[in-house]
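Report on the structure given below.
Protein chains: 2
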Amino acid sequence: MSCNWGTELWDQFDNLEKHTSWGIDFLERYTKFVKERADIELSYAKQIRSLSKKYHPKRSREDESRFTWCLAFAATLRQLNEVAVQREELADNLNTQIVCELTRYTHELKTERKTHFQDGRRAQQHIESSWKQLESSKRRFERDCKEAERAQHVSDRIDLDSKTDGEKKQQAAEESRKDYVTSLNQFNQDQHQHYHTLVPVIYQRIQDMEERRIERICEAMRSSAEAERKVLPVVSRCLDAMMDAAESIQPRMVSLLWVVVEVYKSGFDPPGDVEFEDYSATMRRSISESSYLDNRTEGRRHSRKLWPFIRKNKVHRDTPVCSVHSFFVSV
Amino acid sequence: MSCNWGTELWDQFDNLEKHTSWGIDFLERYTKFVKERADIELSYAKQIRSLSKKYHPKRSREDESRFTWCLAFAATLRQLNEVAVQREELADNLNTQIVCELTRYTHELKTERKTHFQDGRRAQQHIESSWKQLESSKRRFERDCKEAERAQHVSDRIDLDSKTDGEKKQQAAEESRKDYVTSLNQFNQDQHQHYHTLVPVIYQRIQDMEERRIERICEAMRSSAEAERKVLPVVSRCLDAMMDAAESIQPRMVSLLWVVVEVYKSGFDPPGDVEFEDYSATMRRSISESSYLDNRTEGRRHSRKLWPFIRKNKVHRDTPVCSVHSFFVSV
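In the order they appear, the protein sequences are chains W and U.
Residue numbering for the first sequence follows the numbering used here, beginning at 1 and increasing consecutively.
Residue numbering for the second sequence follows the numbering used here, beginning at 1001 and increasing consecutively.
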């Protein structure tokens, strides 16, 4: 059943004024709510973004890029940054598509509402002035009738002059009666137009305005949910990528362990048995600090740190280890 | 191809120490990252929750509950609160499942790592002391050989006493030789055990430890993404509910407009035409302020506010409007 405020609420001007004002308050409250929501999203996005930045390696260290767990963390941070981007976009969409639009619309709505209630008040003033006109004509007619009646009484008893005065009064009453009838017709015409044309038209506009306001709220709520919903598949993809990065670590465990070997392997073999040096057989040889390997080192002397045994000049693990390598022993 | 740090990195004790220390640093850095992420989620959840609370009507006004756009907003706020709950749960899961677990695990790992490197250092000390023993035996043997040789030279030239002394020196050299051989055998045995048993066993433990650390990182990254992924379907349902709430407004537009009528309708009809009062026909009647409706009002006088016409005692719109209702006119 269609609804017509002009018919149903013809006498509820003040309440409609309050109701539409409450509607605008609601619109402003909802706009403020979305604005605050957007601010929260933006602040969240900023925090997430700076978290991602804070933990992202300043510049990819060569070493780090060789370890899948470092790469997985870097991938997680990149995805997190993408989440931040999405949240920023959400905040931006909420602001531009809803907050700005609703603010602009609310401004228009206030102007429109003001116009309708001004029209209403003008119509009210018109019918009130028409009523005053009618009242005044009616009183004049009543007074003139009274005076004509009084003159009639006098003329019945006294002279011709009085009779002439009585006729004049009768004429005046007749004139007042015509005025009163005119005012009455005018008022009834005005009143009919007021309640059956002006008020319905104005109220219909108010009703249309209210319908549009509700549609806008509905649209804003839908857009808001839609804007947020658009974020989900992207976030879901980011999480998939994070999961993939995490999952990529374990199957490469063996190669990860090999990376450590590649990075650190010296390429040397562990030392073999120390040989016996028979000083009794070469007793004439002078005592020296040289050891059994001196003949291989061609006289170079290095401090032998037995264990750990670190060499800067690493040999790649694929390079065959020399069977006769530099192996410096000195005590 | 399986990897064996004990074989490949036998001389990289210090580098392995650095590498495993870096691994623990990474673990602590990742834990801190997840902690900060959880804090961000918690702060976001709190903001969202308080936003929802702030805009939720303090107590449901009877009027508000009759308007679907108010109900839709209330539904949106309830769903938003549910989103906050989800984010709080995410923060909680990140903290309990990842931050706490990894913190505990890192503590264990540090203890374990300390043990392995202590074992390594102990083995190193042992082989070094074995080497010193060998060097000392070797030097004594060399010295005794030299002395025996010198005594030999003397005895070749001089007396029997010297010859006896020379034999003694020879015997001493022979003893030293035996000691040296024993030390040499002991050292070679120690060295073989060091590089082929002790170091591989310790390094294997370090390698196992590193494997477990990487597995834990992988697991933590997976759990983190999983915890976040679990939020998505719930958030998606919340958004669906928000969308439904928004969508529910428009199809009820007509009934919404009727609600306004229900709330405000007075139930009265607009006033009809004002009738003519013929004072000329009843001129003897005293002048009064009464109007054409006085006979209906039984003398009650009320101020007639033409328009707007607000009555507190509303008549329900379904109640038939009385054809002869109180309609007070006084001027």
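All C-beta atoms, glycine included, are put in the ideal place defined by N, C-alpha and C.
All values derive from a computational prediction rather than experimental measurement.
Exposed unless 16 or more other CB atoms sit within 10 angstroms - verdict on residue i
{"i": "residue 275/W", "result": "exposed"}
{"i": "residue 11/W", "result": "buried"}
{"i": "residue 1318/U", "result": "Low per-residue confidence applies at residue 1318/U: pLDDT is 39, beneath 50, and the placement is therefore not dependable enough to give any value."}
{"i": "residue 281/W", "result": "exposed"}
{"i": "residue 166/W", "result": "buried"}
{"i": "residue 1100/U", "result": "exposed"}
{"i": "residue 197/W", "result": "exposed"}
{"i": "residue 1208/U", "result": "exposed"}
{"i": "residue 1150/U", "result": "exposed"}
{"i": "residue 20/W", "result": "buried"}
{"i": "residue 116/W", "result": "buried"}
{"i": "residue 1266/U", "result": "buried"}
Reduced DSSP category for residue i - H, G, I as helix; E, B as strand; rest coil
{"i": "residue 44/W", "result": "helix"}
{"i": "residue 1023/U", "result": "helix"}
{"i": "residue 1194/U", "result": "helix"}
{"i": "residue 70/W", "result": "helix"}
{"i": "residue 1153/U", "result": "helix"}
{"i": "residue 1186/U", "result": "helix"}
{"i": "residue 950/U", "result": "Nothing about residue 950/U can be reported from this structure: the residues present for chain U run from 1001 to 1331 only."}
{"i": "residue 126/W", "result": "helix"}
{"i": "residue 1144/U", "result": "helix"}
{"i": "residue 274/W", "result": "coil"}
{"i": "residue 1138/U", "result": "helix"}
{"i": "residue 5/W", "result": "helix"}
{"i": "residue 267/W", "result": "coil"}
{"i": "residue 10/W", "result": "coil"}
{"i": "residue 1233/U", "result": "helix"}
{"i": "residue 57/W", "result": "coil"}
{"i": "residue 220/W", "result": "helix"}
Cα-Cα separation between residue i and residue j, rounded to whole angstroms
{"i": "residue 1129/U", "j": "residue 1114/U", "result": "22 angstroms"}
{"i": "residue 223/W", "j": "residue 98/W", "result": "7 angstroms"}
{"i": "residue 218/W", "j": "residue 5/W", "result": "21 angstroms"}
{"i": "residue 1289/U", "j": "residue 178/W", "result": "Residue placement at residue 1289/U is flagged as unreliable, the pLDDT there being 42, under the threshold of 50; a coordinate-derived value is accordingly withheld."}
{"i": "residue 1187/U", "j": "residue 1214/U", "result": "38 angstroms"}
{"i": "residue 84/W", "j": "residue 1202/U", "result": "45 angstroms"}
{"i": "residue 1192/U", "j": "residue 76/W", "result": "46 angstroms"}
{"i": "residue 243/W", "j": "residue 1226/U", "result": "8 angstroms"}
{"i": "residue 381/W", "j": "residue 125/W", "result": "Outside the modelled stretch of chain W, which goes from 1 to 331, sits residue 381/W, for which no answer is possible."}
{"i": "residue 1199/U", "j": "residue 1008/U", "result": "11 angstroms"}
{"i": "residue 122/W", "j": "residue 13/W", "result": "13 angstroms"}
{"i": "residue 24/W", "j": "residue 1259/U", "result": "17 angstroms"}
{"i": "residue 239/W", "j": "residue 79/W", "result": "7 angstroms"}
{"i": "residue 141/W", "j": "residue 174/W", "result": "8 angstroms"}
{"i": "residue 1064/U", "j": "residue 212/W", "result": "19 angstroms"}
{"i": "residue 1237/U", "j": "residue 1043/U", "result": "22 angstroms"}
Below-8 angstroms beta-carbon distance, residue i vs any chain B residue
{"i": "residue 239/W", "result": "Note that chain B does not occur in the displayed structure, where the protein chains are W and U."}
Neighbour flag for residue i against chain W, beta carbons, 8 angstroms
{"i": "residue 1036/U", "result": "yes"}
{"i": "residue 1287/U", "result": "With a pLDDT of 41 at residue 1287/U, under the threshold of 50, the modelled position of this residue cannot be trusted; read the value that follows with caution. Taking Cβ atoms only, chain W reaches closer than 8 angstroms to residue 1287/U, which makes this a yes."}
{"i": "residue 1049/U", "result": "no"}
{"i": "residue 1090/U", "result": "no"}
{"i": "residue 1235/U", "result": "yes"}
{"i": "residue 1232/U", "result": "yes"}
{"i": "residue 1118/U", "result": "no"}
{"i": "residue 1229/U", "result": "yes"}
{"i": "residue 1247/U", "result": "yes"}
{"i": "residue 1151/U", "result": "no"}
{"i": "residue 1342/U", "result": "Residue 1342/U is absent from the model: chain U starts at 1001 and stops at 1331."}
{"i": "residue 1191/U", "result": "yes"}
Beta carbon proximity, residue i to chain U, threshold 8 angstroms
{"i": "residue 188/W", "result": "yes"}
{"i": "residue 202/W", "result": "no"}
{"i": "residue 177/W", "result": "yes"}
{"i": "residue 181/W", "result": "yes"}
{"i": "residue 76/W", "result": "yes"}
{"i": "residue 98/W", "result": "no"}
{"i": "residue 294/W", "result": "Legend: pLDDT at residue 294/W = 37, less than 50; position of this residue unreliable, value from coordinates given subsequently. No, residue 294/W lies away from the interface with chain U (no Cβ there is under 8 angstroms from its Cβ)."}
{"i": "residue 171/W", "result": "no"}
{"i": "residue 250/W", "result": "yes"}
{"i": "residue 184/W", "result": "yes"}
What are the residues in the segment 1253 to 1280 of chain U lying within 7 angstroms of chain W by C-beta distance? 1253, 1254, 1256, 1257, 1258, 1260, 1261, 1264, 1265, 1266, 1268, 1270, 1271, 1273, 1274, 1276, 1277, 1279 and 1280
Scan the segment 2 to 30 of chain W for residues whose Cβ lies nearer than 8 angstroms to a Cβ of chain U and list them as they occur along the chain. 2, 3, 5, 8, 9, 10, 11, 12, 13, 14, 15, 16, 19, 26, 29 and 30
Below 9 angstroms between beta carbons is the criterion; list the residues of the segment 206 to 227 of chain W that meet it against any residue of chain U, in chain order. 207, 210, 211, 213, 214, 215, 217, 218, 219, 220, 221, 222, 223, 224, 225 and 226
Contact list for the segment 1130 to 1144 of chain U against chain W, Cβ threshold 9 angstroms: 1131, 1132, 1134, 1135, 1138, 1139, 1141, 1142, 1143 and 1144
Closer than 9 angstroms between beta carbons: that is the criterion. Which residues of the segment 1101 to 1112 of chain U meet it against chain W? none
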